[in-house]
Every structure is written in structure tokens, then in C-alpha cells.
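According to the working numbering, numbering within the sequence shown proceeds without interruption in unit steps and concludes at 1144.
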Amino acid sequence: MESIKNTEAARLGTDELHELAHGVVFLDGMAHRQALVDRVVGPAPLSGARNRAGFLELTLGLVRRRSAWYRCDMELFHLVVLVAAGLCALVAGFLFAFAVVAMPGLENLSDREFIRAFQVMDRVIQDRQPLFMLVWLGSVVALLLALAMGFQQQDGLTRGLLVAAAAVYLFGVQLTTARVNIPLNNEIQSIEVAATGAVEQKQAREHFEARWNRSNRIRTAFAVVTMLLLLVVLMRLPAT
């Protein structure tokens, strides 16, 4: 009898075993569930009906429990992606405001006024303004967490979109900021406006302004692309 059970179990396909052992899909109808159990454990005698019923209850309980875990994981993943998209959108809006409002406004100032005004604005960031740091660093953490969860729960296009969003944001926004904008900010901060003449101020501005604006436009575009990719991911997720 044991060899017959093993032989019958060996004939089962992978999908059928997953149905029974892991509850990947709900079994369709009591007749199908009964037949599947019979093929794995063999027909039980009448005296073993209670054992068979208990086994069925255990199997269905595992199916329901796994389904509940899956829904919980998907809800958490959906929330993490939503937070990442929101924070990246805030970063994109911050950079966009600099590109179309702040820097064009500073452009109308004299060299001395331009340097001093940018120093004052940048000092707020360099003093680690709490809300800014929460958004800027939180966007990185949320995006990496979404990527890690996506590798566990998703595949195909959704996983590819998460990888693309993380790559675009980390290299296009964060790396650009670290390699170009922050060093330029530090150069401007090091200037003693009261101790420098008009020529030095003009040279410092010419060295700074065009490069900073070009880099900011690049990272703004990448931040917007990141946000759009995450929105596509959200649209592809099943409703929870």
C-alpha cells in the first residue's frame, strides 16, 4: 500500500502538489479536493473517514491562511510603493521649483546678491532641515524597500519597472546631486562675500551658475521619470 501511495504521488504534476501543499490557488470544488487527496494519500477505509476529513480541514486551513498572508504582504507592498512614489514626487517638485522659480529669480540679482542669496537658501539644507531630510532620505529608503519587496513578491514587467525606477533615481538624482550640485554648493558657501571684490564674485558666479542649473535640470527630469515609473507599478498592482 505504501509503494502504491508513493507511485501515485510521483505521478502528480508540480501544479497539483502546489495546490495541495502550499495553497497557491483555491481548489475548485469538494470533488476535486477529494480526488486530489485520494491520489496523494490513497483511498482511506471507512474507519479512516475522520482522519481524511481532518486532513482536508487542515489543507483548506493552510490554503486560507496562505491567502490571508498573501493579501497582507500585497497590502504592505502597495503601501511602500505608494510612499516611495509620494516622496519621489515631492523631491521632483522641490527640484522643479528651483529650476523654474528660484534660480530664474536669482538670475536677476547682482553677483554679490546672487551669491549671498544662494548661500542663505542652501544653508537651510546644510543645517539639516528636518522636513527636507525626511523627504530626501526617506525617498531613498522607501524606494529601496519597495525594490527589495518587489524582488520577493513580483516578477516580469513589475519587477523590471522597480529596478528601472531605483536605477534612475539613485544614479540620475542622488549621484548627480552628490557629484555636481553639492560640491558647487560648498564652493559657494566658502566665499566670504564681504571680503571678495567684484571680479572674484563674477568669476565665482560664472563657474557656479550654468553648471548648477544644467545639473539641476538633469536631476529634475530623472526624478519625474522615477515618479512616473512608480505610478505605473501602482497601476499594475491588483486592488487590495
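For each residue, glycine too, the CB sits at the ideal point set by N, CA and C.
The model shown is predicted, which means the values in this text are computed figures rather than measured ones.
Annotation for Met978: Gln1057, Leu1141, Pro1142, Thr1144 place their beta carbon closer than 8 angstroms to its own, counting only its chain and skipping 5 residues before and after. Within the same chain, Arg1063 come within 7 angstroms of Phe1055 by CB-CB distance, once the 5 residues on both sides are set aside. Between Ala1068 and the set Val995, Ala1127, Val987, Asn1120, the nearest pair of CA atoms involves Ala1127. Inter-segment contact for the region 1010–1018 and the region 1074–1084 is absent: fewer than three beta-carbon pairs are separated by less than 8 angstroms. Where Ser1094 is concerned, there is no enclosing alpha helix (DSSP H), because DSSP gives it neither an H nor an E. Counting C-beta pairs closer than 8 angstroms gives three or more between the region 1042–1050 and the region 981–1001, which meets the contact rule. For Thr1100, the three-state secondary structure derived from DSSP is coil.
Residues Leu991, Cys992, Val995 of the same chain have their beta carbon placed closer than 6 angstroms to that of Ser1043, with the five preceding and five following residues left out of the count.
If you check the CB distance, Thr1124 and Leu999 come in under 8 angstroms. Of the residues Ser1119, Met1139, Leu1133, the one whose Cα lies closest to the Cα of Phe1002 is Ser1119. Contact between Phe1036 and Ile1092 fails: their C-beta atoms lie close to 18 angstroms from each other, not under 8 angstroms. The beta carbon of Leu1065 is closer than 7 angstroms to those of Leu1133, Val1136, Val1137 in its chain, skipping five residues each way along the sequence. In this structure, Ile1122 is the residue among Glu1096, Phe1018, Ile1122 with its C-alpha nearest to the C-alpha of Val1072.
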